[in-house]
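What follows is a set of notes on a single structure, which appears directly below.
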Amino acid sequence: MASKLDFAHLPAPDGVNGWWESLPPAAPARTVTGEHAFDYVVVGGGITGLCAARRLAELAPDASVALVEADRIGRSTAGRNSGFFVDLPHDISSESYSRSVEADKADVRLQRHGIDYVRSIVKQHGIDCDWRDDGKYHASVNKKGHAALTHFAEGLARIGEACEWLDRSAIEKVTGTPFYESALFTPGCSTVQPAALMRGLAATQPANVTVFELSAVKGMDTGGAAKLLKFAGGSITTARVVLCTNAYAATFGGHPNGLLPVYTFASMSRPMNPDEIARLGGMQSWALIPADPMGTTVRRLANHRICIRNHFAFRPNLSVSDSDLAKSRQLHQRSFERRFPMLKDVELQYTWGGALCLSANNGALFGQREQGVFEAVGCNGLGLSRGSASGKLIAEYALGESHALIDQLLRQPHPRSLPMRPIADVAVTAAIWMKEFSAGAEL
Ligand SMILES: Cc1cc2nc3c(=O)[nH]c(=O)nc-3n(C[C@H](O)[C@H](O)[C@H](O)COP(=O)(O)OP(=O)(O)OC[C@H]3O[C@@H](n4cnc5c(N)ncnc54)[C@H](O)[C@@H]3O)c2cc1C
Numbered sequence: 009m010a011s012k013l014d015f016a017h018l019p020a021p022d023g024v025n026g027w028w029e030s031l032p033p034a035a036p037a038r039t040v041t042g043e044h045a046f047d048y049v050v051v052g053g054g055i056t057g058l059c060a061a062r063r064l065a066e067l068a069p070d071a072s073v074a075l076v077e078a079d080r081i082g083r084s085t086a087g088r089n090s091g092f093f094v095d096l097p098h099d100i101s102s103e104s105y106s107r108s109v110e111a112d113k114a115d116v117r118l119q120r121h122g123i124d125y126v127r128s129i130v131k132q133h134g135i136d137c138d139w140r141d142d143g144k145y146h147a148s149v150n151k152k153g154h155a156a157l158t159h160f161a162e163g164l165a166r167i168g169e170a171c172e173w174l175d176r177s178a179i180e181k182v183t184g185t186p187f188y189e190s191a192l193f194t195p196g197c198s199t200v201q202p203a204a205l206m207r208g209l210a211a212t213q214p215a216n217v218t219v220f221e222l223s224a225v226k227g228m229d230t231g232g233a234a235k236l237l238k239f240a241g242g243s244i245t246t247a248r249v250v251l252c253t254n255a256y257a258a259t260f261g262g263h264p265n266g267l268l269p270v271y272t273f274a275s276m277s278r279p280m281n282p283d284e285i286a287r288l289g290g291m292q293s294w295a296l297i298p299a300d301p302m303g304t305t306v307r308r309l310a311n312h313r314i315c316i317r318n319h320f321a322f323r324p325n326l327s328v329s330d331s332d333l334a335k336s337r338q339l340h341q342r343s344f345e346r347r348f349p350m351l352k353d354v355e356l357q358y359t360w361g362g363a364l365c366l367s368a369n370n371g372a373l374f375g376q377r378e379q380g381v382f383e384a385v386g387c388n389g390l391g392l393s394r395g396s397a398s399g400k401l402i403a404e405y406a407l408g409e410s411h412a413l414i415d416q417l418l419r420q421p422h423p424r425s426l427p428m429r430p431i432a433d434v435a436v437t438a439a440i441w442m443k444e445f446s447a448g449a450e451l
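In my numbering, the protein residues as written are 9 to 451.
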């Protein structure tokens with residue numbers, strides 16, 4: 009029986025990605041032109057697709073693998089994030105990141121598996137992406153935030169994970185700002201320059217992987233043994249497809265409407281000059297997550313820039329407007345000024361947005377969607393570590409390998425369906441608005 013997937017919404021340039029802009033110019037892209045045949049095609053060159061293509065090639069060295077990406081690798085979502093490879097529980101729909109003991113332990117196992125895999129590639133190939141195993145700070149600005157951190161610390165104790173409290177002056181010594189009241193340090197988180205990492209992962213793929221960029225799949229005939237993927241300039245025939253398109257999968261058709269494309273936004277400052285660096289003080293590099301998941305994430309980068317992230321918006325059509333970007337920039341500016349009054353002249357140079365793939369029940373899609381079509385979709389806001397693991401493991405699953413974590417991923421709940429649009433639009437937007445309102449001072 010012939011079946012089709014229509015890729016209704018393709019990635020759009022949502023603002024200007026500061027991580028990408030601060031790298032040297034990229035080498036020219038290889039695009040899909042003419043007709044090709046590969047044994048495997050991985051669709052989506054984010055962290056999930058990059059790990060899936062690599063793992064297929066590692067385990068099947070005689071097979072040919074194509075990795076196809078609509079944008080440049082490193083410029084789209086996986087190269088737009090705040091660069092936290094989070095190892096610990098991080099349910100952003102909860103009020104303190106934690107879930108049940110069993111769910112938290114399962115998350116940690118999976119996330120560490122992903123982090124270890126990517127760290128080993130970075131080390132093996134010497135990928136220059138500012139990889140740091142320096143941990144992260146969860147910081148609160150008031151009593152409510154402190155209570156959320158206490159709850160998080162209790163959750164960590166229940167699963168035997170270490171953390172360390174910092175009082176106001178200790179966290180000020182790290183960040184240079186007196187803004188935060190208290191913080192919890194957790195040592196296992198790694199951080200990166202995400203665009204540099206994605207570029208490096210693409211450039212160091214095994215020899216049997218061909219990477220195509222600026223090559224959006226426009227449609228796919230998946231019914232027979234041979235699948236046909238159509239592009240503006242050509243086509244690829246293959247026996248097996250692995251879909252790693254995260255939020256974009258929400259619009260393919262055939263999926264429950266439980267995948268929620270929710271955008272979040274970031275801004276990056278220009279580099280601080282020596283006088284500004286001295287005025288700020290603190291450590292040269294640090295990574296901070298708000299006590300309330302809807303609050304503001306901040307990183308001080310070794311290149312003397314500050315990167316700030318907040319604000320969420322449900323955008324089922326997978327693009328944001330100029331007014332979304334202008335509003336986000338305004339929010340970022342306000343959050344920056346509240347934290348760094350000593351840096352009045354340091355302007356935000358870049359602002360951008362990127363699509364997360366959330367679901368109401370933290371569900372995700374992993375496995376075989378139909379004969380020869382596999383998928384690893386649904387980062388739930390934590391794509392760097394979860395995507396690394398699920399990309400690696402979907403490749404192993406497609407090749408018939410077994411692993412306890414594959415079983416874990418196959419058992420996870422599917423995204424829970426929501427009411428049809430426009431009711432879903434109103435419900436999701438209202439839920440985000442209420443959570444942002446409640447985050448209050450953490451913004
Ligand atoms: C501002 C911001 C901050 C964030 N901070 C963090 C963080 O600190 N830590 C963390 O873990 N996560 C963070 N995230 C989320 C993280 O970026 C995502 O979870 C992650 O990118 C998911 O990886 P992925 O490979 O599964 O999907 P994606 O990165 O979305 O990759 C999917 C790829 O598929 C491509 N694609 C889509 N349709 C097609 C098509 N038809 N043809 C070809 N290619 C197609 C897209 O261009 C895209 O590159 C953040 C996100 C944003 C926007």
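No residue lacks a Cβ here, since even glycine has one placed at the ideal position from N, Cα and C.
Computed from a prediction, not measured in an experiment: that's the story for all the values here.
### Message
Taking 8 Å as the limit between beta carbons, can you name the residues of its chain near F445, skipping five residues before and five after?
### Response
As a position in the sequence shown, residue 445 is number 437, starting the count at 1. No residues qualify anywhere along the chain.
### S446 (DSSP reduced to helix, strand or coil)
Within the sequence shown, residue 446 is the residue found at index 438, counting from 1. The answer is helix: DSSP assigns S446 an H, G or I state.
### Message
For M9, which residues in the same chain have their Cβ closer than 8 Å to its Cβ, ignoring the five residues on either side in sequence?
### Response
Taking the sequence shown and counting its residues from 1, the one referred to as residue 9 is at position 1. Its pLDDT being 44, under 50, M9 is placed unreliably by the model, and the measurement read from it follows with that caveat. Closer than 8 Å at Cβ, skipping near neighbours: G231.
### Query
Under 8 Å, do Q119 and A397 count as touching if we go by C-beta distance?
Looking up residue 119 in the sequence shown gives position 111. Looking up residue 397 in the sequence shown gives position 389. Yes.
### Query
Do P202 and R83 have their C-beta atoms within less than 8 Å of each other?
Indexing the sequence shown from 1 puts residue 202 at position 194. Indexing the sequence shown from 1 puts residue 83 at position 75. No; because the gap between Cβ atoms is not below 8 Å, this pair is not in contact.
### Query
Should the region 36–45 be regarded as contacting the region 218–229, the criterion being three or more beta carbon pairs within less than 8 Å?
yes
### Message
Once DSSP output is grouped into helix, strand and coil, what is the label at M9?
### Response
Within the sequence shown, the letter at position 1 stands for residue 9. Here M9 scores only 44 on pLDDT, less than 50, and its place in the model should not be relied on; the value that follows carries that caveat. The answer is coil: DSSP assigns M9 none of H, G, I, E or B.
### Message
Under 8 Å, with one C-beta from each stretch per pair, do the region 348–365 and the region 269–281 reach the 3-pair mark?
### Response
yes
### Task
Answer yes or no: do H17 and T259 have a C-beta to C-beta separation smaller than 8 Å?
The residue you call residue 17 lines up with position 9 of the sequence shown. The residue you call residue 259 lines up with position 251 of the sequence shown. In contact: H17 and T259 (Cβ atoms closer than 8 Å).
### Message
Using C-beta distances below 6 Å, list every residue in its chain close to L64, excluding the 5 sequence neighbours before and after it, in chain order.
### Response
Numbered from its first residue, the sequence shown carries residue 64 at position 56. Only Y48, V73, A403 meet the Cβ criterion.
### Query
What three-state label does DSSP hand G27 in the structure shown?
As a position in the sequence shown, residue 27 is number 19, starting the count at 1. According to the sequence shown, residue 27 is Trp rather than Gly. Correct three-state label for W27: helix.
### Task
In the DSSP assignment, find the alpha helix (DSSP H) that holds I402 and state where it starts and stops.
On the sequence shown, position 394 is the one that residue 402 refers to. Note, I402: alpha helix (DSSP H), 391–406.
### Message
Cutting at 7 Å between CB atoms, please list the residues of its own chain near G143, excluding the five before and the five after it.
### Response
For the purposes of this step, residue 143 is taken as the residue at position 135 of the sequence shown. Hits under 7 Å: F193, T194, P195, G196, C197.
### Task
Using the DSSP secondary-structure output, state which residues sit across from E409 in a beta bridge.
Position 401 of the sequence shown holds residue 409. In DSSP, E409 forms no bridge with anything.
### Task
Would you kindly work out how many angstroms separate the C-alpha atoms of E450 and G389, rounded to a whole number?
On the sequence shown, residue 450 is found 442 positions in, with the first residue counted as 1. On the sequence shown, residue 389 is found 381 positions in, with the first residue counted as 1. Answer to the nearest angstrom: the Cα atoms are 18 Å apart.
### Message
Suppose you measure from the CA of R117 to the CA of P69; what does that come to, to the nearest Å?
### Response
Numbered from its first residue, the sequence shown carries residue 117 at position 109. Numbered from its first residue, the sequence shown carries residue 69 at position 61. Whole-angstrom Cα-Cα distance: 28 Å.
#### Entry: Per-residue DSSP class, three states only, for M276
Counting from one through the sequence shown, the residue named residue 276 turns up at place 268. M276: strand per DSSP, three-state reduction.
### Query
Beta-carbon separation of R424 and F187 under 8 Å?
Taking the sequence shown and counting its residues from 1, the one referred to as residue 424 is at position 416. Taking the sequence shown and counting its residues from 1, the one referred to as residue 187 is at position 179. Their beta carbons are not under 8 Å apart, which means R424 does not touch F187 by this criterion.
### Task
State the Cα-Cα distance for the pair L392 and H159, rounded to the nearest angstrom.
Position 384 of the sequence shown holds residue 392. Position 151 of the sequence shown holds residue 159. Those two C-alpha atoms are separated by around 25 Å.
#### Entry: Strand pairing of I316, partner residues [DSSP]
Position 308 of the sequence shown, counting from 1, holds the residue named residue 316. Bridge partners of I316: S275, V306.
### Task
Look up T437 in the DSSP assignment and say whether it is helix, strand or coil.
Taking the sequence shown and counting its residues from 1, one reaches residue 437 at position 429. Reduced to three states, the DSSP call for T437 is helix.
### Message
So, with DSSP's three-state summary, where would you put Q4?
### Response
With the chain covering 9 to 451 only, the question about residue 4 has no answer from this structure.
### Query
Does the Cβ-Cβ distance between N265 and A432 come in under 8 Å?
Translated into the one-based positions of the sequence shown, residue 265 becomes position 257. Translated into the one-based positions of the sequence shown, residue 432 becomes position 424. The answer is yes: Cβ separation under 8 Å.
### Query
Taking just the CA atoms, how far does D14 sit from A233?
Counting from one through the sequence shown, the residue named residue 233 turns up at place 225. Counting from one through the sequence shown, the residue named residue 14 turns up at place 6. Answer to the nearest angstrom: the Cα atoms are 19 Å apart.
### Message
For ligand 1, is there any heavy atom lying closer than 7 Å to the beta carbon of R337?
### Response
Here residue 337 is taken as the residue at index 329 of the sequence shown, counted from 1. Not under cutoff, so the answer is no.
### Task
Measure the alpha-carbon distance for D300 versus D79 and round it to whole angstroms.
Along the sequence shown, one-based indexing puts residue 300 at 292. Along the sequence shown, one-based indexing puts residue 79 at 71. Spanning the two alpha carbons is a distance of roughly 32 Å.
### Query
Does the beta-carbon distance from G26 to M276 come in below 8 Å?
If you number the sequence shown from 1, residue 26 lands on position 18. If you number the sequence shown from 1, residue 276 lands on position 268. Yes, Cβ-Cβ distance for G26 and M276 is below 8 Å.
### Query
Tell me which same chain residues have a C-beta within less than 8 Å of the C-beta of V208, skipping the five on either side of it?
Taking the sequence shown and counting its residues from 1, one reaches residue 208 at position 200. One detail in the question is off: residue 208 reads as Gly in this sequence, not Val. Correct list, in chain order: V130, H133, I135, D136, C137.
### Terminal residues of the alpha helix (DSSP H) in which G380 lies
Counting from one through the sequence shown, the residue named residue 380 turns up at place 372. Note, G380: premise wrong, no alpha helix (DSSP H); not H, not E.
### Message
For ligand 1, I want to know if A191 counts as a neighbour, meaning its beta carbon is within less than 7 Å of at least one of the ligand's heavy atoms.
### Response
Mapped onto the sequence shown, residue 191 falls at position 183. No - ligand 1 has no heavy atom lying nearer than 7 Å to the Cβ of A191.
### Task
Taking 8 Å as the cut-off, decide whether the C-beta atoms of L401 and L413 are in contact.
Walking along the sequence shown from the start, residue 401 turns up at place 393. Walking along the sequence shown from the start, residue 413 turns up at place 405. Taking 8 Å as the Cβ cut-off, L401 and L413 qualify as a contacting pair.
### Query
If you follow the alpha helix (DSSP H) that Q132 is part of, which residue opens it and which one closes it?
For this step, residue 132 is matched to residue 124 along the sequence shown. Start and end: 109–133.
### Message
Since L251 and V381 should fall inside the 8 Å C-beta cutoff, what is the C-beta to C-beta distance between them, to a whole number of angstroms?
### Response
Here residue 251 refers to the residue found at position 243 of the sequence shown. Here residue 381 refers to the residue found at position 373 of the sequence shown. L251 to V381, Cβ: 7 Å. Contact.
### Query
Measuring from the CB of G91, is there a heavy atom of ligand 1 at a distance below 7 Å?
Numbered from its first residue, the sequence shown carries residue 91 at position 83. Result yes, Cβ under 7 Å from ligand 1.
### Task
Closer than 6 Å by C-beta to P19: which residues in its own chain qualify, once you throw out the five before and the five after it? Chain order, please.
Within the sequence shown, residue 19 is the residue found at index 11, counting from 1. The answer, listed in chain order, is A78, D79, S84.
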